[in-house]
Amino acid sequence: MKRRDPLFWGGVVFLAFLVLFAVFGPNLRHNPITPVGTNFLPPSSQYWLGTDELGRDIFARLAEGARISLFVGFAVQAIALTVGIIVGLTGVYGPRWLAGPIMRLTDAMFAFPDILLAILIIGVWGLGITPVIVALSITAWPGVARLVKTQAAAMNEREFVVASRALGAGTLWTVTRHVLPHLAPLLTAVAMVEVAGTILGESALSFLGIGVQPPNPSWGSMINSARSEMNSHPTLLLWPCLILSMTVFALNFVGDGLRRRLDPRASQQ
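The structure is reproduced here in structure tokens:
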């Protein structure tokens with residue numbers, strides 16, 4: 206796509222700064238967990254965004270929250286893509302005795318609301334970052350599996366796949382050399398958008414108190430703890446809401462931009 210795409214490039218720039226913020230920000234000024242000053246200090250040269258109700262540096266906590274959110278978001282999508290691709294391709298190329306039940310299981314997963322299923326899994330597994338990643342991965346892979354199955358089934362009738370089979374190529378060769386390379390652009394774009402949804406899911410779970418546990422900061426838990434101080438110290442609520450919203454928008458802009466750039470059919474629409 207040759208025309209300019211300011212939303213895409215704006216999202217790329219923001220995400221680049223967010224990664225730097227997550228890598229270097231937590232310990233750039235103060236420890237994000239340990240109280241370092243008087244509570245509710247205003248922004249200053251020492252505390253760039255002030256301190257929270259316990260005297261912890263807000264800038265450092267936002268940065269640590271970014272690190273956790275990005276880690277959870279991309280870890281969940283890596284797991285979801287791996288499982289979803291395997292299940293989706295099995296639904297198209299696997300034996301009938303396996304393809305039928307596994308796709309029925311995939312369809313059954315859509316009957317459960319994602320957040321309720323995640324809460325149930327965490328309730329059984331326990332609290333912490335690992336249960337959050339597992340729970341969100343379980344809710345994420347069915348969507349990938351259905352997308353892969355639909356696209357792979359349609360691609361199964363394409364000329365290059367038919368020609369590959371006519372020349373005697375096996376299923377594994379056809380999938381790895383033809384199907385997956387053609388699915389990669391779409392899956393990359395979808396994954397970027399889904400990372401945004403995963404970060405929202407992690408924040409929602411942390412807001413409810415069953416996600417990332419204190420003293421580790423999460424944007425969701427920061428929003429929850431700031432609610433009681435919303436009238437007297439509104440910036441405590443402003444900063445995590447702002448960075449969470451901007452991150453979600455940026456990931457969606459980048460995902461949509463990648464889809465238009467990598468998928469010729471999308472760029473023609």
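Going by my numbering, the letters in the sequence shown line up with residues 206 to 474, in that order. Even glycine gets a Cβ: it sits at the ideal position worked out from N, Cα and C. Remember, predicted model here, so these are calculated numbers, not experimental data.
Reduced DSSP category for residue i - H, G, I as helix; E, B as strand; rest coil
i    : result
D461 : helix
N429 : helix
A316 : coil
Q418 : coil
E434 : helix
M360 : helix
L220 : helix
S369 : helix
V241 : coil
S450 : helix
P347 : helix
G406 : helix
P306 : helix
R382 : helix
H235 : coil
G293 : helix
L413 : coil
P439 : coil
G333 : coil
P445 : helix
Between the CA atoms of residue j and residue i - distance to the nearest angstrom
i    : j    : result
L413 : G260 : 23 angstroms
P247 : G348 : 44 angstroms
Q174 : G425 : In this structure the chain extends from 206 to 474, so residue 174 is not present and cannot be described.
L310 : T355 : 16 angstroms
L372 : N232 : 59 angstroms
T452 : R370 : 44 angstroms
M360 : V384 : 7 angstroms
S430 : S450 : 18 angstroms
E399 : V329 : 25 angstroms
L325 : G462 : 35 angstroms
G416 : L377 : 39 angstroms
V281 : I334 : 11 angstroms
G299 : P390 : 23 angstroms
Q418 : S249 : 28 angstroms
F229 : N236 : 12 angstroms
L332 : G460 : 31 angstroms
R301 : A323 : 30 angstroms
G215 : F222 : 11 angstroms
L443 : T344 : 29 angstroms
R432 : V224 : 27 angstroms
S411 : P439 : 20 angstroms
E269 : P420 : 11 angstroms
Bridge partners - residue i, DSSP secondary structure assignment
i    : result
D262 : T256
Reference residue i; option with closest CA among the options
i    : options                   : result
A297 : C446, E269 and A358       : With the sequence shown as reference, residue 297 is identified as Val, and Ala is not the correct amino acid for it. Answer by Cα proximity: A358.
V217 : M397, I284 and L341       : M397
E407 : S433, I320 and D312       : I320
L267 : L392, V281 and I448       : I448
L294 : G460, V380, L405 and L467 : V380
P386 : V366, T403 and G402       : V366
L392 : G255, P422, R466 and S433 : R466
T339 : A304, F276 and E258       : It should be pointed out that residue 339 corresponds to Val in this sequence rather than to Thr. Comparing Cα positions, the closest option is F276.
P422 : R234, T239 and L223       : T239
R464 : S433, L388 and T256       : L388
I428 : D257, A313 and A368       : D257
I290 : F315, L352 and A221       : L352
F315 : A350, A283 and A304       : A350
Contact check, residue i vs residue j, beta carbons under 7 angstroms
i    : j    : result
I273 : V292 : no
F245 : W253 : no
S342 : A285 : yes
A271 : F226 : yes
T403 : G242 : no
F213 : F454 : no
V395 : W346 : no
A441 : A401 : As written in the sequence, residue 441 is Leu, which differs from the Ala given in the question. Against a cut-off of 7 angstroms, the Cβ pair of A401 and L441 comes out as no contact.
D210 : R234 : no
I327 : P318 : no
is_contact[residue i, chain D] using C-beta, thresh 7 angstroms
i    : result
P237 : No chain D is present in this structure, which holds just one protein chain.
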